[in-house]
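Participant: Residue numbers (my numbering): -8 to 361. Just so it is clear, CB atoms sit at the ideal spot from N, CA and C, and this is done for glycine as well. Please see the structure below; I have some questions.
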Ligand SMILES: Cc1cc2nc3c(=O)[nH]c(=O)nc-3n(C[C@H](O)[C@H](O)[C@H](O)COP(=O)(O)OP(=O)(O)OC[C@H]3O[C@@H](n4cnc5c(N)ncnc54)[C@H](O)[C@@H]3O)c2cc1C
């Protein structure tokens, strides 16, 4: 039985956001901006957010040339340019909202490893298409400087993206939590939305932890549950995709500044605290990785370890310390879904592999839609 205090102060809200990742946090913060007096609650089923936002690699990236080329199979050039612009503006909004220091942002630039020769026509094509987004050409051929990098002999070319950077994912999520607290947003962790029902006057929500099952009420409800949205809305085009990340033990004098990609953006690596953080390669076993279950795919892990020793830094004695996985959401194209499902309910999901870039604006957009 609820206490008088619980009934009168703790279970009724103007907005409930489900999902405590990047998108849910920005949705709650934006709603606060527009509604200074609103009662806002954010429900997260994990003790820590348990999807992608605390598991990612922290690349503030916008698409390497081979990835953009592949994207053109699923959208036209105008749509691709618009999506790239949204990613770029998303990073700018993220940085402006939380400050570079608090999210550990570093403008280290991005680099794509090329295994044949750099296609200068293709490079010129994407520079031409994207210079309006970045204010100048983002890509340049850096192959003449390849010797300065520790890569293996398979790597024949290098393309620089002048505007990419990295964030420290842990610092970023910590900064977001702090901001939610400062803005008086009630953040419930270990609290899973298990059921909801919309009536003419409100939405009833059943929220469960290991010890309790409570009924909340809210005027509005927004799902920022990315890959897990399919549980509530199976009609939406959302397919889960598990991603693997490995981190090596620290190595002395390891100097590698940048965010690095190869194989159409499926593979990536960076240096952090004298370690290499590498991941991806989902394309090697897509059917097994189409899952919302966390876990390590041995086949992918083994290939990543081989890449570490043959492509990334053969001269260093790198050993993997540990690995983890996170769950992303994909669809027929890379556009996120930001949609009202009814008068009181909205969804913001399907952030793909570049939600660090898109997340802030997607959260903002869905809150403004309400
Ligand atoms: C391994 C990996 C590496 C990545 N690397 C990068 C990168 O370098 N750069 C980049 O831009 N993007 C990257 N991404 C993608 C990026 O992290 C995501 O697109 C982004 O974090 C999605 O944010 P979100 O808030 O939509 O979803 P999530 O972070 O998944 O948040 C959804 C939350 O909803 C919660 N939830 C689900 N169901 C319920 C429920 N019923 N009740 C309560 N809570 C619920 C989940 O626990 C979860 O915390 C990566 C992703 C992964 C997995």
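#1: Between which two residues does the beta strand (DSSP E) holding residue 271 run?
#2: For residue 129, which residues from the same chain have a beta carbon less than 6 Å from its beta carbon, with the 5 sequence-adjacent residues on both sides left out?
#3: So is the beta-carbon of residue 35 under 6 Å away from any non-hydrogen atom of ligand 1?
#4: Please tell me whether, using a cut-off of 6 Å, the distance from the CB of residue 40 to the nearest non-hydrogen atom of ligand 1 is below it.
#5: Looking at C-alpha atoms only, which residue of 73, 240, 6, -4 is the closest neighbour of residue 337?
#6: Around the C-beta of residue 108, are 16 or more other C-beta atoms found within 10 angstroms, so that it is buried, or is it exposed?
#7: Ligand 3 and residue 44: does any heavy atom of the ligand fall closer than 6 Å to the residue's C-beta?
#8: Taking buried to mean at least 16 other C-beta atoms within 10 Å of its own C-beta, is residue 203 buried or exposed?
#9: Going by alpha carbons, who is nearest to residue 446 out of 163, 11, 291, 75?
#10: Taking residue 240 as the reference, which of 8, 62, 307, 248 has the closest Cα?
#11: Look at the alpha carbon of residue 184 and the alpha carbon of residue 265, and state the distance between them as a whole number of angstroms.
#12: Sort 60, -2, 305 by Cα distance to residue 143 and report the nearest one.
#13: Expressed to the nearest angstrom, what Euclidean distance is found between the alpha-carbon atoms of residue 292 and residue 246?
#14: Considering only C-alpha positions, which residue in the set 303, 17, 100 is nearest to residue 51?
#15: Would you give the residue range spanned by the alpha helix (DSSP H) that residue 123 belongs to?
#16: Report yes if the C-beta of residue 183 is less than 6 Å from at least one heavy atom of ligand 1; otherwise report no.
#17: Report all residues from its chain with a CB closer than 7 Å to the CB of residue 59; omit the five preceding and five following residues, and keep chain order.
#18: Let me check you understand the geometry: is the CB of residue 348 closer than 6 Å to at least one non-hydrogen atom of ligand 1?
#19: Out of 150, 355, 255, which one is the CA nearest neighbour of residue 133?
#20: Would you kindly report the start and end of the unbroken alpha helix (DSSP H) that includes residue 278?
#21: Output yes or no for whether 7 Å exceeds the beta carbon distance between residue 282 and residue 231.
#22: Which class does residue 214 belong to by DSSP, given the choice of helix, strand or coil?
#23: Any idea what DSSP makes of residue 73, helix, strand or coil?
#24: Residue 221: buried (16+ other C-beta within 10 angstroms of its C-beta) or exposed?
Facilitator: Result, derived from the coordinates:
#1: 266 to 271
#2: 121, 152, 153, 154
#3: yes
#4: yes
#5: 6
#6: exposed
#7: Among the ligands in the structure shown, ligand 3 does not appear; only ligand 1 can be found there.
#8: exposed
#9: Given that the chain is displayed from residue -8 to residue 361, the structure contains no residue 446 and the question cannot be resolved.
#10: 307
#11: 40 Å
#12: 305
#13: 24 Å
#14: 100
#15: 111 to 125
#16: yes
#17: 71, 117
#18: yes
#19: 150
#20: 277 to 280
#21: yes
#22: strand
#23: helix
#24: buried
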